[in-house]
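The next block holds one structure in the form of structure tokens; read it before the comments.
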Amino acid sequence: MTTLERLYANLLEAYGPQGWWPVLDFAGTNPTKTGSVHGYHPGRYDFPRNERERFEICVGAILTQNTAWPNVEQALRRLKKAGRLTPNELLAIPLSELKVAIRPSGYYNVKAKKLLEFTRFYLSLHGRTPTRAELLEVWGVGPETADSIRLYAYGELEMVVDAYTRRFLSALRLAPPEASLEQVRAWCGRQLPPSVPAYQEFHALMVEHGKRCYSRKPYRDALFGAGAVNG
DNA sequence: AACCAGGACGTGA
DNA sequence: TCACGTCATGGT
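Quick note, the first sequence lines up with residues 1 to 231 if you use our numbering.
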């Protein structure tokens, strides 16, 4: 068992299954979560259950770039309420109307453009699963967004690593501070068993732990991270 | 009432 | 490559 596997097991025990990626209109809740409690499905790994949910996850992945999830959830609800949460519906919106709908998630000018770019790409796939390289070619889709889409929207085995993960692992000295996100990502991929549910849960746990202990500025309780390793 | 969030892009060195 | 500025709303 690798150190990262042990870390994963301890975080899972501490926080419980996170139920990522959240989707609208799912009745389940996760009472252990601090922020929004809607749409999470702890312990279930059969999402997305249909094309509608798949596209919604993609849209959420773009809207959540450097943005707190409750803001994204508002934007998704506004899109849905306006009947614009499918690819063709979204492409049919006047640009100004799209910006108004997604305003709560911030950066609405760039994100509106990103959504349109991605949606065109999404339709061009005709249901096929995009490769990571293909996703990275889309304007507005960077490494974390591409990996999140692969892992959560398409259920592909893709490691997702974010700023929290890098801070956490470097604080534990599992990764050098100067390691790039890509290096950390490759390393994590080698340390965990190749399981889609495990990858999904791992990233969700890293975000939850990051929010609690590795928020920017002073790390609130970095010692807990070390404790999580040693048990 | 600052501070920051589940990043990515454009630019200049 | 890489560091830095920019994008913006809402929660704490």
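Glycine included, every Cβ here is placed at the ideal spot set by N, Cα and C.
Query raised in the report: Does the separation of the CB atoms of Leu136 and Thr3 fall below 9 Å?
Result: Contact: no.
Requested in this report: Please look up how many angstroms separate the CB atoms of Arg132 and Ala146, rounded, as I've assumed it's under 8 Å.
Outcome: Indeed, because the Cβ distance is near 6 Å, the residues count as touching under 8 Å.
**Report entry** Residue closest to Ala101, alpha-carbon to alpha-carbon, out of Asn71, Ser124, Arg120
**Finding:** Ala101 has its Cα closest to that of Asn71, out of Asn71, Ser124, Arg120.
**Report entry** Within 9 Å, strictly: CB atoms of Thr67 and Gly16
**Finding:** Result no, Cβ atoms of Thr67 and Gly16 do not sit closer than 9 Å.
**Report entry** Backbone CA spacing between Pro196 and Glu97 [nearest angstrom]
**Finding:** One point to set straight first is that residue 196 is Val, not Pro, in the sequence displayed. Between Val196 and Glu97, the alpha-carbon positions lie close to 37 Å from each other.
Query raised in the report: What whole-angstrom Cβ distance do Val23 and Ile62 have, given they're in contact under 8 Å?
Result: About 15 Å separates the beta carbons of Val23 and Ile62, which is beyond the 8 Å limit, so they are not a contact pair.
Query raised in the report: With 16 other CB atoms within 10 Å as the buried threshold, where does Glu182 fall?
Result: Exposed, because fewer than 16 other Cβ atoms sit within 10 Å of the Cβ of Glu182.
Query raised in the report: Does DSSP put Ala27 in a helix, in a strand, or in coil?
Result: The three-state secondary structure of Ala27, taken from DSSP, is coil.
Query - Reference Arg215, options Tyr152, Trp187, Ala163, closest by Cα - result: Residue 215 is actually Ser in this sequence, not Arg. For the residues Tyr152, Trp187, Ala163, the minimum Cα distance to Ser215 belongs to Ala163.
**Report entry** Spatial distance of Leu159 from Arg190 (CA atoms)
**Finding:** As written in the sequence, residue 159 is Met, which differs from the Leu given in the question. Going from the Cα of Met159 to the Cα of Arg190 covers about 10 Å.
**Report entry** Selection from His126, Ala198, Lys99 that minimises the alpha carbon distance to Leu79
**Finding:** Ranking the options by Cα distance to Leu79, first place goes to Lys99.
Query - Between the CA atoms of Glu73 and Gln200 - distance to the nearest angstrom - result: When only Cα atoms are considered, Gln200 and Glu73 end up about 19 Å apart.
Query - Phe47 to Arg54 span [Cα, whole Å] - result: Cα atoms of Phe47 and Arg54: separation of roughly 8 Å, rounded to the nearest angstrom.
Query raised in the report: What number of angstroms, rounded off, separates the C-alpha of Pro104 from the C-alpha of Met1?
Result: Roughly 43 Å between the two C-alpha positions.
Report task. Give me the Cβ distance between Tyr8 and Leu192, rounded to the nearest whole Å; I'm assuming they're in contact under 8 Å. Result -> Confirmed, about 7 Å.
Query raised in the report: For Ser124, does the count of other Cβ atoms within 10 angstroms reach 16, so buried, or fall short, so exposed?
Result: By the neighbour-count criterion, in which 16 or more other beta carbons inside 10 Å mark a residue as buried, Ser124 falls on the exposed side.
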